[in-house]
Amino acid sequence: MADEQAIRVLIAKPGLDGHDRGAKVVARALRDAGMEVIYTGIRQTPDMIAEAALQEDAQVVGLSILSGAHLELFPRVIAALEEREVSDVLLFCGGIIPEADIPAVEEMGFRGVFGPGTSTQDIIEFVREHAPTYAN
Amino acid sequence: MASNSEHEWRESTYARATARNKERQPRFESSSGAEVDPLYAPEHMAEWNYHEKLGYPGEYPYTRGVQPTMYRGRLWTMRQYAGFADAEESNRRYKFLLEQGQTGLSVAFDLPTQIGYDSDDPVVTGEVGKVGVAISSLQDMETLTDGIPLEQVTTSMTINSTGPILLALYVAAAKKQGADLSKIGGTTQNDILKEYIARGTYIFPPRPSLRMITDTFAWCTDELPSWNTISISGYHMREAGCTAAQELAFTFADAIEYVDAAIEAGMEFDAFAPRLSFFWACHSNFLEEIAKFRASRRIWAKIATERYGSTNPRSQMLRFHTQTGGATLTAQQPINNVIRTALQALSGVLGGTQSLHTNSWDEALALPTEESVETALRTQQVIGYESGVADVIDPLAGSYYIEALTDRVEEEANAYLARIEDIGGALTGIEQGFQQREIQESAYRLQRMQEEGDRVVVGVNRFETEELEVPPIAGHDRTVETRQAERLAKLRAERDNAAVDAALGAIRTAANNDENMMPLLIDAVEAYATIGEICGVLREEWGEYQEAVTI
């Protein structure tokens, strides 16, 4: 195929919060931008997310969390990904991530942290720019 | 030349003015995209009949308010949603809020409590005590309400799939205080349908969930007569992105589903309907929101009388709680949120709300601090005590625009409600993903409008500034999980486990027949069975709801 392959993105909601307006808007915007997007739905365990990333052959994994449990749950998602050897993925996140936690989140391997008020254009550009360097 | 009508004015004076200088945008519209005229005048009210449309406060169709005196008698209940960490810390926060002049409690539970897991369940790691207080057993509820006279303070609990269990816990705590149950007032949200649509804290499939809800209607009618058994909520659907008219329509469709289920279970509408309550959002379109609140009362009064043949005025009065719009808060220039919240709160008051929660300005950044919560409460007090708007009942009635808008929101909501009826009602709609899709469409449309600059959000897509400094935000106590786990281990070792097993066995049996669940839940929590244990039994008997994900 001469066509550029569509970027494969998994949008996931780890933890228990049901606020997925942001996750759905981002999923929809990335899809409208020509990417192949899978949204997991709410209340996903780290294992469920990692399994979905593996099965769907995702290059990009975006996590959304608004309950404040990101510092506990993000590392567990990353560990679950590593367990399945899905480590070469572009990670980004959104939701309510307090400014003070951003360094820790970046340290975990998230290349982008997108809070409330982010333009979906910025997220599309971010994914387009960084996804090609990831193999999965 | 003076115009003789709005039409004439528009064709002459107005046309000349707009020919010289164009209006600042090509089209002005409501939240649902309907066009707004430049001016409203007596012609808009030519067919309008005061008695039919408005009536008087405390009288059908209650457009002007459900109480005859409204805020001249008593201001709305200032009820800040709060709860965090464990029962001990939340109890301290409630006492602080009551000392500051708050007039009712509103309990925020953490997600494990809302989804039926104990604090020590491995699936809830990281979530204990985060978005609300962790309650696993009666012990926690006793701590939460310690020193708060439950006969005097009304308590609203945002709790849905586990609502009947939390109600049982509250009743058990009140009994321990020696309270007279006929004087216990408050609200359990208990609205599962909007959880499937927008909020997400469901556990069981719809049928057994509805049965638990109608069990509370029946039990409270006899045993807890001052309790609002449900708060049928548009708030979360609005927060998820729907329009004002959709908020009303989806909520009334849910209300009809609950009422029909209760009638099917053998109850009389006028027996349980007086304890139904509603919960609306107030977002930023100031006048449209006022119209929405007024329209909501008229719509419900008509549903009660025309659909259900109500003869009890109390069943026809739509009483509601209001919360300012969390989704309207911005992380950019966050202090601006104080102003947004004040305007939204004012629209709730001008719309005749019975109780109000004002959001804190820092909530787009983190969970709010004690200081920001205090500012939010003070906002209500300034409106209530300084602005004068509470001195006259329904002061905006008769405004050409407000009345035209009230009529239009009513029409739009009714048209939407008819669509839901056509597909078979709220539950069928949920199963088909109808409401979910409609909400997503609206949310996406709003996002596009914002990104294309058609909808201005100050500090976000206009009037942006370099961010200066990050305001102080609340930190999280990460030891709550351990403390709760220790308490639960001790509780399980010390309680009478034979009594717990017997009570859980009775719940298992009732899950498969039609015995009212409430007395059994109270027995179980009084034996110190935990929420996780009770829900564990019910999960085994009823299974869990599986969401149909759509984007």
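Those protein sequence lines, which keep their order, are chains A and B.
Using this note's numbering, the letters of the first sequence correspond one by one to residues 287 to 422.
Using this note's numbering, the letters of the second sequence correspond one by one to residues 635 to 1185.
Note that the Cβ used here is the ideal one computed from N, Cα and C, for glycine as well.
Note that the structure is a prediction, hence the values are computed from the model and not measured.
Task: Start-to-end residues for the beta strand (DSSP E) that takes in B:Q957 - done: 954-958
Open item on the list: Going residue by residue through the stretch 760-811 of chain B, where are the continuous alpha helix (DSSP H) segments of at least 4 residues, counting only ones entirely within it?
Closed with: 772-778, 797-810
TODO: Could you list which residues in chain B have their beta carbon closer than 7 Å to that of A:P402, in chain order?
DONE: T964, A965, A998
TODO: Would you check if the distance between the CB atom of B:P691 and the CB atom of B:M704 is smaller than 8 Å?
DONE: yes
Task: Proximity test, Cβ basis, 8 Å: B:I1185 and chain A - done: yes
- [ ] Might you give, ordered along the chain, the residues of its own chain that have their beta carbon closer than 7 Å to the beta carbon of A:L349, omitting 5 neighbours on each side?
- [x] A298, P300, F360, V363, C379
TODO: Give me the Cβ distance between B:Q1118 and B:D755, rounded to the nearest whole Å; I'm assuming they're in contact under 8 Å.
DONE: Going by Cβ atoms, the distance from B:Q1118 to B:D755 rounds to 10 Å, so no, they are not a contact pair.
Task: Amino acids of chain A, ordered along the chain, whose beta-carbon sits closer than 8 Å to that of B:G834 - done: D303, G304, H305, D306, I328, R329
Open item on the list: So that I know if they touch, is there some Cβ in chain B lying closer than 8 Å to that of A:A313?
Closed with: yes
Task: B:T956 vs B:V1091 beta-carbon contact at 8 Å - done: no
Open item on the list: Considering just the uninterrupted stretch of the alpha helix (DSSP H) at B:A915, what are its terminal residues?
Closed with: Taken as a continuous stretch (DSSP letters only), B:A915 belongs to no alpha helix (DSSP H), being part of the beta strand (DSSP E) at 910-916.
Open item on the list: 8 Å is my cut-off, CB to CB: does A:G354 come that close to chain B?
Closed with: yes
TODO: Assign B:R1089 to one of three DSSP states: helix, strand, or coil.
DONE: coil
Open item on the list: Is A:Q407 close to chain B? Criterion is C-beta to C-beta, closer than 8 Å.
Closed with: yes
Open item on the list: Within a Cβ cutoff of 6 Å, which residues of the same chain sit near B:V758, ignoring the five residues on either side of it in sequence?
Closed with: P746, Y751
Task: Spatial neighbours of B:A896 in its chain, beta-carbon cut-off 6 Å, leaving aside the 5 residues before and after - done: T848, F851, F906
Task: Separation of B:A1136 from B:N946, as counted between CA atoms - done: 41 Å
- [ ] Report yes or no: do the stretch 974-986 of chain B and the stretch 1019-1026 of chain B share at least 3 C-beta pairs separated by less than 8 Å?
- [x] yes
Task: Status (buried if at least 16 other CB within 10 Å, exposed otherwise) for A:A386 - done: exposed
Task: Contact check, B:L1122 vs B:V1171, beta carbons under 8 Å - done: no
Task: Assigned exposure category for A:D343 - 16 Cβ within 10 Å defines buried - done: exposed
Open item on the list: On the DSSP letters alone, give me the boundaries of the alpha helix (DSSP H) that B:F730 sits inside.
Closed with: 721-733
TODO: Would you list, in sequence order, the uninterrupted beta strand (DSSP E) runs of no fewer than 3 residues that lie entirely inside the stretch 870-936 of chain B?
DONE: 910-916
Open item on the list: Is it buried or exposed, B:D1148, if we count other Cβ atoms within 10 angstroms and call 16 or more buried?
Closed with: exposed
Task: Neighbour flag for A:Y325 against chain B, beta carbons, 8 Å - done: yes
TODO: Report buried or exposed for A:P389, applying the criterion of at least 16 other Cβ atoms within 10 angstroms of its Cβ.
DONE: exposed
Open item on the list: When you compare the stretch 821-833 of chain B with the stretch 790-800 of chain B, are there three or more beta-carbon pairs, one atom per stretch, that lie closer than 8 Å?
Closed with: yes
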